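Right, here's the structure in full:
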């Protein structure tokens, strides 16, 4: 089949990177894959994988011209199936490909919630079993497609070289954190909490915190880091900014802190993981608590804040053996559950099933009408910049 894969954009990020990696993986199953997305740093990865990239522009909100472009593209390239990631490409595909061209569409949402306005008649993949269970109550076709990890690429090969790259000293315990520096999902608030805790623990432990990422909170993070480093008269907090390839940040770490896809990538490098969430949530991953994250996603909500973070860090700081055992468990978990090869095989089978699903326009109309009305309401809400609604939609993977 000729598949049109539509990420939200090609900036570095969990969902977009997953889309590109999965596009490459299903190409190994004999499909002709084209990627349709705005320009970004992942464009090089698309082309390196031998995929055809078709650039586009995607402004704010759903527009008739973007729907028309989608429909024209589907016809011009004789697309057999459209795979759209996240809300805007999914809405464009629902109207431009499914309704206008009668082309099968598969939607994918990698966020922690599915936007309520997405059409319910189209098949969808979600990233956690908990989401799949919930969506099956309102949709006819729901698939579990967990965030994939390229196990060959994401693995430790030379920890010493990675540590040298960041000038980490031999006696330092390195904490690695790869994240957007944004208030969405309280990422920035959590990063500032990690800086404060590292500052406190560095009085008794030789620590170095590596922070890779960019966003509106970058200057605030740099300012906090500079004050901590000045207080200790050495490099304790090292802000690396955006890293096109953060693999050596993960590899250099003795401990990884993160959420979502970033957390899973850290596991692939065989590191103990502290899961970051919202409202003071921190949790050290162990075999006992792993099932809850596998089921509900690599995030949490509500905790004791600094107290939980300190307990999690002290648990692994004191014992190299504890770090080694948890790291071995981490790598094995990702290999068994999240490997890209496994995900590519699963997605190819989902494509086969989706290609056989055709609804008449009459059958699809109630779902599309509801979606059109609700997405207009959503766009008006977002224009008002209501803080409560902003946080709600950020959990559904919608840029704010």
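Residue numbers (the numbering used here): 370 to 769. We put the beta carbon where it would ideally sit given N, CA and C, even for glycine. Given the structure is predicted, the values throughout are model-derived calculations rather than measurements.
Going by beta carbon distance, what residues of the same chain come within less than 6 Å of residue i, once the five residues before and after it are set aside?
{"i": "residue 596", "result": "none"}
{"i": "residue 615", "result": "547, 581"}
{"i": "residue 478", "result": "495"}
{"i": "residue 449", "result": "370, 371"}
{"i": "residue 435", "result": "461"}
{"i": "residue 418", "result": "393"}
{"i": "residue 635", "result": "619, 625, 627, 642"}
{"i": "residue 841", "result": "In the structure displayed, the chain extends from 370 to 769; residue 841 sits before or after that span and is not available."}
Considering only C-alpha positions, which residue in the set the options is nearest to residue i?
{"i": "residue 431", "options": "461, 584, 383", "result": "461"}
{"i": "residue 535", "options": "660, 601, 619", "result": "619"}
{"i": "residue 585", "options": "658, 375, 692, 557", "result": "557"}
{"i": "residue 643", "options": "571, 617, 674, 664", "result": "674"}
{"i": "residue 338", "options": "527, 621, 564", "result": "The chain is shown from 370 up to 769; residue 338 falls before or after that span and cannot be answered."}
{"i": "residue 721", "options": "542, 475, 421", "result": "475"}
{"i": "residue 409", "options": "398, 397, 423", "result": "423"}
{"i": "residue 438", "options": "566, 728, 469", "result": "469"}
{"i": "residue 737", "options": "382, 568, 465, 395", "result": "465"}
{"i": "residue 574", "options": "540, 594, 592", "result": "540"}
{"i": "residue 716", "options": "381, 654, 400", "result": "400"}
{"i": "residue 603", "options": "708, 568, 662, 590", "result": "568"}
{"i": "residue 518", "options": "639, 421, 510", "result": "639"}
Please work out which residues of its chain come closer than 8 Å, Cβ to Cβ, to residue i, disregarding the five sequence neighbours upstream and downstream, and give them in chain order.
{"i": "residue 671", "result": "646, 647, 648, 649, 650"}
{"i": "residue 407", "result": "378, 379, 424, 425, 426, 427"}
{"i": "residue 828", "result": "As shown, the chain starts at 370 and ends at 769. That puts residue 828 outside it, with no answer to give."}
Could you check how far apart the C-beta atoms of residue i and residue j are, in whole angstroms? I think they sit under 8 Å.
{"i": "residue 454", "j": "residue 530", "result": "In fact, because the Cβ distance is near 34 Å, the residues do not count as touching under 8 Å."}
{"i": "residue 404", "j": "residue 374", "result": "5 Å"}
{"i": "residue 488", "j": "residue 456", "result": "About 11 Å; that fails the 8 Å criterion."}
{"i": "residue 605", "j": "residue 561", "result": "With a Cβ gap of about 14 Å, residue 605 and residue 561 do not count as contacting."}
{"i": "residue 397", "j": "residue 713", "result": "6 Å"}
{"i": "residue 624", "j": "residue 528", "result": "That belief does not hold up - the Cβ atoms of residue 624 and residue 528 are roughly 13 Å apart, past 8 Å."}
{"i": "residue 532", "j": "residue 637", "result": "With 8 Å as the limit, residue 532 and residue 637 do not qualify as a contact, their Cβ atoms being about 18 Å apart."}
{"i": "residue 522", "j": "residue 633", "result": "Rounded, the Cβ-Cβ distance is 13 Å, inconsistent with contact."}
Could you name the residues of the same chain whose beta carbon sits closer than 7 Å to that of residue i, not counting the 5 residues immediately before and after it, in chain order?
{"i": "residue 704", "result": "520"}
{"i": "residue 559", "result": "645"}
{"i": "residue 601", "result": "571"}
{"i": "residue 752", "result": "none"}
{"i": "residue 440", "result": "465, 466, 469, 470"}
{"i": "residue 491", "result": "463, 467, 474, 476"}
Determine whether the Cβ of residue i lies closer than 9 Å to any Cβ atom of chain B.
{"i": "residue 402", "result": "The displayed structure is made up of one protein chain only, and chain B is not part of it."}
Check whether the region 540-556 and the region 571-580 touch, using three or more Cβ-Cβ pairs below 8 Å as the test. yes
If contact is defined by three or more beta carbon pairs under 8 Å, each pair taking one atom from either stretch, is the region 653-670 in contact with the region 498-505? yes
Count Cβ pairs between the region 379-399 and the region 407-425 that sit closer than 8 Å; are there 3 or more? yes
What are the start and end residues of each continuous alpha helix (DSSP H) run of 4 or more residues lying completely inside the region 407-474, in chain order? 412-417, 433-445, 456-462
Which whole runs of the alpha helix (DSSP H) in the region 608-639 are 4 residues long or more, in chain order? 616-621, 629-637
For a minimum of 3 consecutive residues, which ranges assigned as the beta strand (DSSP E) are wholly contained in the region 573-600? 576-581
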